[in-house]
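K.L.:
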Amino acid sequence: MAHTLSTLAYLVASVLFILALRGLSHPETSRKGNTFGMVGMGIAVLATLLHPGMSFSGISLIVLGLLIGGSIGTYVAQKIEMTSLPQLVAAFHSLVGMAAVAVAAAAFYAPESFGILDARGHIKAGSLVEMSLGLAIGAITFSGSVIAFLKLDGRMSGAPITFKGQHLLNAALGALLLVLIISFVASGNPLLFWLIALLAFGLGFLLIIPIGGADMPVVVSMLNSYSGWAAAGIGFTVGNLLLIVTGALVGASGAILSYIMCKGMNRSIINVLLGGFGSDGGAAAAGGGGGDRPPVKAGSPEDAAYIMKNAQKIIIVPGYGMAVAQAQQVLREMAELLKKEGVDISYAIHPVAGRMPGHMNVLLAEANVPYEEVHELEEINPEFAEADVAFVIGANDVTNPAAKTDKSSPIYGMPILDVEKAKTVFFIKRGMASGYAGVDNELFFRPNTMMLFGDAKKVTQQIVQALQR
Amino acid sequence: MNPTELANRAAALAQDAMALAAQARVVAETHVAPAAAAAEPFLLLLTIFLMACFVGYYVVWNVTPALHSPLMGVTNAISSVIVVGAMLATGLGESTAAKVFGFIAVTLASVNIFGGFAVTRRMLAMFKKKG
Numbered sequence: 373m374a375h376t377l378s379t380l381a382y383l384v385a386s387v388l389f390i391l392a393l394r395g396l397s398h399p400e401t402s403r404k405g406n407t408f409g410m411v412g413m414g415i416a417v418l419a420t421l422l423h424p425g426m427s428f429s430g431i432s433l434i435v436l437g438l439l440i441g442g443s444i445g446t447y448v449a450q451k452i453e454m455t456s457l458p459q460l461v462a463a464f465h466s467l468v469g470m471a472a473v474a475v476a477a478a479a480f481y482a483p484e485s486f487g488i489l490d491a492r493g494h495i496k497a498g499s500l501v502e503m504s505l506g507l508a509i510g511a512i513t514f515s516g517s518v519i520a521f522l523k524l525d526g527r528m529s530g531a532p533i534t535f536k537g538q539h540l541l542n543a544a545l546g547a548l549l550l551v552l553i554i555s556f557v558a559s560g561n562p563l564l565f566w567l568i569a570l571l572a573f574g575l576g577f578l579l580i581i582p583i584g585g586a587d588m589p590v591v592v593s594m595l596n597s598y599s600g601w602a603a604a605g606i607g608f609t610v611g612n613l614l615l616i617v618t619g620a621l622v623g624a625s626g627a628i629l630s631y632i633m634c635k636g637m638n639r640s641i642i643n644v645l646l647g648g649f650g651s652d653g654g655a656a657a658a659g660g661g662g663g664d665r666p667p668v669k670a671g672s673p674e675d676a677a678y679i680m681k682n683a684q685k686i687i688i689v690p691g692y693g694m695a696v697a698q699a700q701q702v703l704r705e706m707a708e709l710l711k712k713e714g715v716d717i718s719y720a721i722h723p724v725a726g727r728m729p730g731h732m733n734v735l736l737a738e739a740n741v742p743y744e745e746v747h748e749l750e751e752i753n754p755e756f757a758e759a760d761v762a763f764v765i766g767a768n769d770v771t772n773p774a775a776k777t778d779k780s781s782p783i784y785g786m787p788i789l790d791v792e793k794a795k796t797v798f799f800i801k802r803g804m805a806s807g808y809a810g811v812d813n814e815l816f817f818r819p820n821t822m823m824l825f826g827d828a829k830k831v832t833q834q835i836v837q838a839l840q841r
Numbered sequence: 135m136n137p138t139e140l141a142n143r144a145a146a147l148a149q150d151a152m153a154l155a156a157q158a159r160v161v162a163e164t165h166v167a168p169a170a171a172a173a174e175p176f177l178l179l180l181t182i183f184l185m186a187c188f189v190g191y192y193v194v195w196n197v198t199p200a201l202h203s204p205l206m207g208v209t210n211a212i213s214s215v216i217v218v219g220a221m222l223a224t225g226l227g228e229s230t231a232a233k234v235f236g237f238i239a240v241t242l243a244s245v246n247i248f249g250g251f252a253v254t255r256r257m258l259a260m261f262k263k264k265g
């Protein structure tokens, strides 16, 4: 009877989790969705606490763990800057991975708690398969996420780390992992259990180091997916429906996000994973003007303010540079002043802008930009032709027309924001360095482009001052 | 055939039938049931897993791209439902190893549960309407 009750509670929790994701289809319903998720989690935890046969010492330990973990989690979530969100998510993924490893170990050392013993008192072979899969995916998620965190947080260079025979080594280690899993299933040897964990930790590390900083949106999504599959693997091991359903939901979600990010760069997931693409972002300097090109036209913030004040329609294109310079707040101030002058303002977001999916939207929302003014690529692209000004702040590759015309360009085929169709294009940039992909942007040299050199925040502040005059 | 004889025969038949049924049950239990018990739960779990993958696929495609960051926050929080497995290991496990690993997993997963939902809540609170 008690068992039926907890199964029912898990069912209710799974439905609530699905509703939590469903709520995210619109900003207005999203807050309710998040609440559904919290209620679902509460029900799942309570039902498990009331599980028959739980020892008093066990329950005390659980409550202690919940209190310690809960306080750390809440504290970090309240304090974190929104620009550091990608790091935080990567760090959280690593915790899920590590938790999966620990649960797999717990199930290995206490199989009787999960009823996975056969008649002879050994762990069933099927459960060993599921356990080793959950363990391996969890361990890869952990070490991979740690590397992603270090790269995103700037504690490690975002430049790809490549060496000769890297892919061969990874393939060999992958094959070895498979061999270890098979012999573990055959023997149930604890030593093999820990060898699998060790090898998977190493593999996760090796898989992520060759991937460059700006490819991190794909990596973060992919690790999100892995953390789901790890949870599902553990769910199969301990025969828990809620874990399986949730793992599948999260796994599917991360996979879709990875796909969307890859499409946003017109690269295959294999290409991203093999890595070695791009540098630390803007390291390969193009050397101002260069060759037979006409000189670029540099303008002052006052010029920009004057032109924008007299415009009717302005589209703002924010990129990672805006996030780095923390310019979103002053950018919104600029937009407010221009709106008072009767200018129509909208924002255009490229799918891979920022370091995680939807990063720019959160930063703009934090700066109190209403979400109705923020548009996706397909939605806004036809409007550039009617715009007087395209104001590009901290973005480069995602506006480069070479993606449409130059077949030899590494970014050929990538969907771009058609800023070149606007009457005037402003680029706020620190210098003439090329973007992440290491290619020149011919837009800089066009007669209707004006470069505003300097820190994104400072330049925007100067424009605001000029507008206030 | 008198009624008594008939009744006796019927009773004998009934006894035979019962013996047969008992035999059938023994056969079923020893041969069929273990196989079914081994295959069925796994197939059932696999079915549920695949169905959930489809549900996830369709629900996530409906998520507006503007909310992809909160989506990662929520999925991150709910993937920590792995805490359920950790709690069972801690509460039901008899060995110290199970308790230690369970406790570690409970603590790590709770960081995620509370952190994930809290940061998502913070993000979503910022998505406001015009004016």
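First to last, the protein sequences are chains A and B.
FYI, the numbering used here numbers position 366 of the first sequence as 738, with every residue one higher than the one before it.
FYI, the numbering used here numbers position 69 of the second sequence as 203, with every residue one higher than the one before it.
The beta-carbon is built from N, C-alpha and C at its ideal position, and this holds for glycine as well.
How long is the line joining the alpha carbons of Pro-773/A and Asn-813/A, rounded to whole angstroms?
P.N.:
If you number the first sequence from 1, residue 773/A lands on position 401. If you number the first sequence from 1, residue 813/A lands on position 441. Taking the straight line from one Cα to the other gives about 8 Å.
K.L.:
Using DSSP with H/G/I as helix, E/B as strand and the rest coil, what is Phe-248/B?
P.N.:
Counted from its first residue, the second sequence places residue 248/B at position 114. Looking at Phe-248/B - three-state DSSP - the assignment turns out to be helix.
K.L.:
I'd like to confirm the pairing. Which residues does DSSP put opposite Pro-489/A in its beta bridges?
P.N.:
Residue numbering aside, residue 489/A sits at position 117 when the first sequence is read from its first letter. It is Leu, not Pro, that sits at residue 489/A in the sequence shown. DSSP output for Leu-489/A lists Ile-495/A as bridge partner(s).
K.L.:
Can you tell me whether Met-528/A is helix, strand or coil according to DSSP?
P.N.:
Here residue 528/A refers to the residue found at position 156 of the first sequence. Of the three classes helix, strand and coil, the one that applies to Met-528/A here is coil, per DSSP.
K.L.:
With a threshold of 8 Å between beta carbons, is Leu-201/B in contact with chain C?
P.N.:
Protein chains in the displayed structure are A and B, and chain C is not among them.
K.L.:
Keeping to the same chain, check which residues put their C-beta closer than 7 Å to that of Ile-752/A; ignore five residues upstream and five downstream.
P.N.:
Here residue 752/A refers to the residue found at position 380 of the first sequence. If we look at Ile-752/A and ignore the five residues flanking it on each side, its Cβ neighbours are Ile-687, Ser-718, Ala-720.
K.L.:
Can you list, in chain order, the residues of the region 671–695 of chain A whose Cβ is nearer than 7 Å to any Cβ on chain B?
P.N.:
none
K.L.:
Is it buried or exposed for His-202/B, if we count other Cβ within 10 angstroms and need 16 for buried?
P.N.:
On the second sequence, position 68 is the one that residue 202/B refers to. Under this definition His-202/B is a buried residue.
K.L.:
Looking at Gly-442/A and Ala-211/B, is the spacing between their C-beta atoms short of 8 Å?
P.N.:
For this step, residue 211/B is matched to residue 77 along the second sequence. For this step, residue 442/A is matched to residue 70 along the first sequence. Result no, Cβ atoms of Ala-211/B and Gly-442/A do not sit closer than 8 Å.
K.L.:
Using a Cβ-Cβ cut-off of 8 Å (strictly less than) and excluding sequence neighbours within five positions of Gln-840/A, which residues of its own chain qualify?
P.N.:
Counting from one through the first sequence, the residue named residue 840/A turns up at place 468. The answer, listed in chain order, is Leu-709.
K.L.:
To the nearest angstrom, how far is the alpha carbon of Gly-445/A from that of Tyr-192/B?
P.N.:
Residue 445/A sits at position 73 when you count from the first residue of the first sequence. Residue 192/B sits at position 58 when you count from the first residue of the second sequence. Whole-angstrom Cα-Cα distance: 30 Å.
K.L.:
Quick one: using the 10 Å Cβ neighbour count with 16 as the cut-off for buried, is Pro-729/A buried or exposed?
P.N.:
Here residue 729/A corresponds to residue number 357 of the first sequence, with the count starting at 1. Under this definition Pro-729/A is a buried residue.
K.L.:
Taking 8 Å as the CB-CB cut-off, is Ala-169/B touching chain A?
P.N.:
Here the question's residue 169/B lines up with position 35 in the second sequence. Confidence at Ala-169/B is low in this model, with a pLDDT of 49, below 50, so the placement of that residue should be treated as unreliable; the coordinate-derived value is given next. Judged by the 8 Å Cβ criterion, Ala-169/B is not in contact with chain A.
K.L.:
Is it the case that the Cβ atoms of Ser-213/B and Gly-600/A are separated by a distance below 8 Å?
P.N.:
Position 79 of the second sequence, counted from the first residue, corresponds to residue 213/B. Position 228 of the first sequence, counted from the first residue, corresponds to residue 600/A. Yes, these two residues count as a Cβ contact at 8 Å.
K.L.:
Thr-198/B versus chain A: which residues are under 8 Å apart at the beta carbon?
P.N.:
On the second sequence, residue 198/B is found 64 positions in, with the first residue counted as 1. The answer, in chain order, is Leu-396, Ser-397, His-398, Pro-399.
K.L.:
Should His-731/A be flagged as near chain B, meaning a C-beta pair shorter than 8 Å?
P.N.:
Counting from 1 along the first sequence, the entry for residue 731/A is found at position 359. Cβ-Cβ to chain B under 8 Å: yes for His-731/A.
K.L.:
So Ile-616/A is in the beta strand (DSSP E); what residue range does that whole segment cover?
P.N.:
For the purposes of this step, residue 616/A is taken as residue 244 along the first sequence, with counting starting at 1. Unbroken run through Ile-616/A is the alpha helix (DSSP H), 613–637; no beta strand (DSSP E).
K.L.:
Would a C-beta distance cut-off of 8 Å place Asn-733/A and Val-746/A closer than the cut-off?
P.N.:
Numbered from its first residue, the first sequence carries residue 733/A at position 361. Numbered from its first residue, the first sequence carries residue 746/A at position 374. For Asn-733/A and Val-746/A, yes; Cβs fall inside 8 Å.
K.L.:
Secondary structure at Val-797/A, three-state DSSP: helix, strand or coil?
P.N.:
Along the first sequence, one-based indexing puts residue 797/A at 425. Strand.
K.L.:
What's the C-alpha gap between Arg-492/A and Leu-154/B?
P.N.:
Reading the first sequence from its first residue, position 120 is the one you call residue 492/A. Reading the second sequence from its first residue, position 20 is the one you call residue 154/B. Roughly 31 Å separates the two Cα atoms.
K.L.:
Consult DSSP for Ser-718/A and reduce its assignment to one of helix, strand or coil.
P.N.:
Here the question's residue 718/A lines up with position 346 in the first sequence. Reduced to three states, the DSSP call for Ser-718/A is strand.
K.L.:
So the candidates are Asn-406/A, Lys-404/A, Ser-427/A, Val-435/A; which of them puts its Cα closest to the Cα of Leu-418/A?
P.N.:
In the first sequence, residue 418/A corresponds to position 46, counting from 1. Ranking the options by Cα distance to Leu-418/A, first place goes to Val-435/A.
K.L.:
In chain order, what residues of the same chain have a beta carbon less than 7 Å from the beta carbon of Gly-227/B, not counting five sequence neighbours either side?
P.N.:
Position 93 of the second sequence, counting from 1, holds the residue named residue 227/B. Contacts found: Lys-233, Gly-236.
K.L.:
Flag Thr-254/B as yes if its beta-carbon sits less than 8 Å from any beta-carbon of chain A, otherwise no.
P.N.:
Residue mapping note: residue 254/B aligns to position 120 of the second sequence, counting from 1. Yes, Thr-254/B lies at the interface with chain A (some Cβ there is under 8 Å from its Cβ).
K.L.:
Kindly identify the DSSP beta-bridge partner or partners of Leu-824/A.
P.N.:
Here residue 824/A corresponds to residue number 452 of the first sequence, with the count starting at 1. Answer by DSSP bridge pairing, in chain order: Ile-800/A.
K.L.:
Would you say Thr-241/B faces chain A, with C-beta separation under 8 Å as the test?
P.N.:
The residue labelled residue 241/B in the question sits at position 107 within the second sequence. Taking a beta-carbon distance threshold of 8 Å, Thr-241/B counts as an interface residue toward chain A.
K.L.:
Less than 8 Å between the C-beta atoms of Ala-677/A and Ile-835/A, yes or no?
P.N.:
Taking the first sequence and counting its residues from 1, one reaches residue 677/A at position 305. Taking the first sequence and counting its residues from 1, one reaches residue 835/A at position 463. In this structure, Ile-835/A lies closer than 8 Å to Ala-677/A by Cβ.
K.L.:
Please state the DSSP three-state secondary structure of Ala-419/A.
P.N.:
Taking the first sequence and counting its residues from 1, one reaches residue 419/A at position 47. Three-state result, Ala-419/A: helix.
K.L.:
Looking only at C-alpha atoms, which of Glu-139/B, Ala-148/B, Ala-156/B, Pro-204/B sits nearest to Gly-395/A?
P.N.:
If you number the first sequence from 1, residue 395/A lands on position 23. For the residues Glu-139/B, Ala-148/B, Ala-156/B, Pro-204/B, the minimum Cα distance to Gly-395/A belongs to Pro-204/B.
K.L.:
Check the Cβ of Tyr-719/A against every Cβ in chain B and list those closer than 8 Å, keeping chain order.
P.N.:
Stepping through the first sequence from its first residue, residue 719/A is reached at position 347. Per Cβ cutoff of 8 Å: no residues; Tyr-719/A is ~10 Å from chain B at best.
K.L.:
Under DSSP, the alpha helix (DSSP H) around Pro-458/A begins and ends at which residues?
P.N.:
Residue 458/A sits at position 86 when you count from the first residue of the first sequence. Its alpha helix (DSSP H) spans residues 457–481.
K.L.:
Could you check whether the Cβ of Ile-390/A sits closer than 8 Å to any Cβ belonging to chain B?
P.N.:
Your numbering for residue 390/A matches position 18 in the first sequence. True, the Cβ-Cβ gap to chain B drops below 8 Å.
K.L.:
Going by the CB atoms, is the gap between Ala-508/A and Ala-462/A shorter than 8 Å?
P.N.:
Reading the first sequence from its first residue, position 90 is the one you call residue 462/A. Reading the first sequence from its first residue, position 136 is the one you call residue 508/A. Cβ distance not < 8 Å, so Ala-462/A and Ala-508/A don't count as in contact.
K.L.:
Please identify, using Cβ separations under 8 Å, the residues of the region 505–527 of chain A that lie next to chain B, in order along the chain.
P.N.:
none
K.L.:
Any idea if Ala-572/A is buried or exposed, counting beta-carbon neighbours within 10 angstroms, 16 or more meaning buried?
P.N.:
Here residue 572/A refers to the residue found at position 200 of the first sequence. Classification of Ala-572/A: buried, given that the 10 Å Cβ count is 16 or more.
K.L.:
DSSP three-state label for Val-761/A, please.
P.N.:
In the first sequence, residue 761/A corresponds to position 389, counting from 1. Looking at Val-761/A - three-state DSSP - the assignment turns out to be strand.
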